[in-house]
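S.K.: The opening position of the sequence shown corresponds to residue 52 in this note's numbering, with each subsequent residue numbered one higher.
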Amino acid sequence: MGFVLTISALLIVSTNLLVGTALLKLLLKRGCQSWCFVLNLALADTLVGVAITGLATEDFNNKFIQQRNGYITSTCMASILTMFLISLDRYMAIKMPLRYSLMSGKWKTTGSLLAVWISSFTMGFLPEGLCLLWRLMMVPQLQATAPYDGFCAFFNVTHDIAIIVLYCLLFFPVLSLFIYMYLDILKIACIHHKQISQIRQTSSRPEESSHGQSQYHHHHQHQLLRSWSHVKALRTVGVLIGCFLVLWSPFFVVCIVHLLCRECALKEVLENYLWLLGLFNSLINPLVY
Numbered sequence: 052m053g054f055v056l057t058i059s060a061l062l063i064v065s066t067n068l069l070v071g072t073a074l075l076k077l078l079l080k081r082g083c084q085s086w087c088f089v090l091n092l093a094l095a096d097t098l099v100g101v102a103i104t105g106l107a108t109e110d111f112n113n114k115f116i117q118q119r120n121g122y123i124t125s126t127c128m129a130s131i132l133t134m135f136l137i138s139l140d141r142y143m144a145i146k147m148p149l150r151y152s153l154m155s156g157k158w159k160t161t162g163s164l165l166a167v168w169i170s171s172f173t174m175g176f177l178p179e180g181l182c183l184l185w186r187l188m189m190v191p192q193l194q195a196t197a198p199y200d201g202f203c204a205f206f207n208v209t210h211d212i213a214i215i216v217l218y219c220l221l222f223f224p225v226l227s228l229f230i231y232m233y234l235d236i237l238k239i240a241c242i243h244h245k246q247i248s249q250i251r252q253t254s255s256r257p258e259e260s261s262h263g264q265s266q267y268h269h270h271h272q273h274q275l276l277r278s279w280s281h282v283k284a285l286r287t288v289g290v291l292i293g294c295f296l297v298l299w300s301p302f303f304v305v306c307i308v309h310l311l312c313r314e315c316a317l318k319e320v321l322e323n324y325l326w327l328l329g330l331f332n333s334l335i336n337p338l339v340y
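1) What number of angstroms, rounded off, separates the C-alpha of SER300 from the C-alpha of LEU62?
2) Please classify PHE176: does DSSP put it in a helix, a strand, or coil?
3) CB-CB under 8 Å to ILE137, same chain, minus the five flanking residues each way: which ones, in chain order?
4) Tell me the rounded alpha-carbon separation between GLY71 and ASP96.
5) Whole angstroms are fine: how far does the CA of GLU314 sit from the CA of ASP140?
6) Less than 6 Å between C-beta atoms, sequence neighbours within five positions excluded: which residues of the same chain meet that for GLU258?
7) From what residue to what residue does the alpha helix (DSSP H) around LEU338 run?
8) Starting from LEU149, follow the alpha helix (DSSP H) in both directions and report where the run begins and ends.
9) Answer yes or no: do ILE236 and ILE145 have a C-beta to C-beta separation smaller than 8 Å?
10) Applying the 10 Å Cβ sphere with the 16-neighbour rule, what's the burial state of THR124?
11) Which of helix, strand or coil does DSSP assign to ARG119?
12) For VAL101, which residues from the same chain have a beta carbon less than 7 Å from its beta carbon, with the 5 sequence-adjacent residues on both sides left out?
13) Any beta carbon of chain C sitting closer than 8 Å to that of LEU330?
14) Spatial neighbours of LEU317 within its chain, please: CB distance less than 7 Å, with the 5 preceding and 5 following residues excluded, ordered by chain position.
15) When the Cα of LEU132 is compared with those of LYS157, GLY175, GLN118, which residue comes out closest?
16) Determine, using beta carbons only, whether MET232 and SER171 come nearer to each other than 8 Å.
17) Between LEU330 and VAL167, is the Cβ-Cβ spacing less than 8 Å?
18) As a quick exercise: from CYS241, MET143, LEU177, LYS238, pick the residue whose alpha carbon is nearest that of TYR122.
19) When burial is assigned at 16 or more other CB atoms within 10 Å of the CB, is THR161 buried or exposed?
20) Give the straight-line distance between the Cα atoms of LEU296 and ARG81, rounded to the nearest whole angstrom.
21) Could you check what DSSP says for GLU258 in three-state terms: helix, strand or coil?
22) Do LEU334 and PHE302 have their C-beta atoms within less than 8 Å of each other?
23) Taking the straight line between their C-alpha atoms, what separation do you get for LEU69 and LEU321?
24) Write down the C-beta distance between LEU338 and LEU298 rounded to the nearest angstrom, noting that I regard them as a contact closer than 8 Å.
25) Please classify PHE222 as buried or exposed, where buried requires at least 16 neighbouring CB atoms within 10 angstroms.
26) ILE58: which of ALA73, LEU77, THR173, ILE103 sits nearest, CA to CA?
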C-alpha cells in the first residue's frame, strides 16, 4: 500500500506541476478568469499529492493524527469545490452572458478562490478547530489523556456523525447542483443548435432577405456562435466532472452504507481501495486539460 501511495503521490505532484506551469505562462500572456480557476484546480491537486506523501511513510506522530487528516480532507475538498467553481463559471457564461461579463474581474475571481479555500479548510479542520465539536467528533480513545496507539486512519479517529455531516454538506449538494446545471446547459445547447441551423438556412437564401435583415442575421449568428463556443468548452468540463463522479462516487456511497451497516465490514474496502480510487481523480484532472 505504501508503494502505491508513493508512486501515486509522485505522479499527482509532477503532472499537476507541469500543467500548472503551462497555465501560469498562458495567464501571463492573456489573463482569463476561467484559466485562473483551472490553475487553482492544479494547485489543489498538487497539495493532495503532497498530503498523501506522509501516508506512504507513516512518519507522523499520533499526536498529529487529526491535523494530518484535516489537511488531506481540506485539499480534497478544495479540488472538488474548484471543479464546482469551474462548472459554475461555464454555466453563467452560457446562461447569463451579460451578467457574467459584469461579474468577471480580478477581485471577484480572487474572492471566489478565497471562498473555496476558506470553506475547504474550515470543513477539513472542523474537529480540530472548534472546541465545542471536538468531543462530538472524536472517538473516545483520542479524548483520553493516554497516547493513542491505534492505526492512524480516517475512519478510526473520526466519529461517524462527523463523517455524515461532512459528506452531506459537500458531496451530495454539489452532485445535485452538477446535475441541475448540466441538464439546463444541455437544454440551452439544443436550442442554440436549432437557432444556428435556422439562421444558416435563412442566410443561404439571400434573394429572400433584405440587406438589413442579413446584417441582423449575421449579428445574431455571431452571438449564438459565441455562446456555442462556451458550450463546446464545457465538454472538457463535462469530462472532468464525469471522471469525478466515476472515481469518487463509489467511496461516498459505500461510506454511507458502511455507516448504516456495521455488519458489512466495509472499512478495509473504503480505506484501501475506494479512497485510493478517489485520489486518482487528482491525477486525471491535469490529463484532461
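Note that CB positions come from ideal geometry on N, CA and C, so glycine has one too.
Please read these numbers as outputs of a predicted model, since none were measured by experiment.
M.R.: Looking at the atomic coordinates:
1) 22 Å
2) coil
3) SER85, PHE88, VAL89, LEU92, VAL288, LEU291
4) 10 Å
5) 43 Å
6) The predicted model places GLU258 with a pLDDT of 46, which falls under 50 and marks its position as unreliable; any figure quoted below should be read in that light. So the list is empty, once near-sequence residues are dropped.
7) 332 to 339
8) 148 to 154
9) yes
10) buried
11) helix
12) VAL64
13) Going by chain labels, chain C is absent from the structure shown, which holds only one protein chain.
14) VAL305, VAL308, HIS309
15) GLY175
16) no
17) no
18) LEU177
19) exposed
20) 32 Å
21) No answer about GLU258 holds up, because its pLDDT of 46 lies below 50 and its placement is not dependable.
22) no
23) 30 Å
24) Rounded, the Cβ-Cβ distance is 12 Å, inconsistent with contact.
25) buried
26) ILE103
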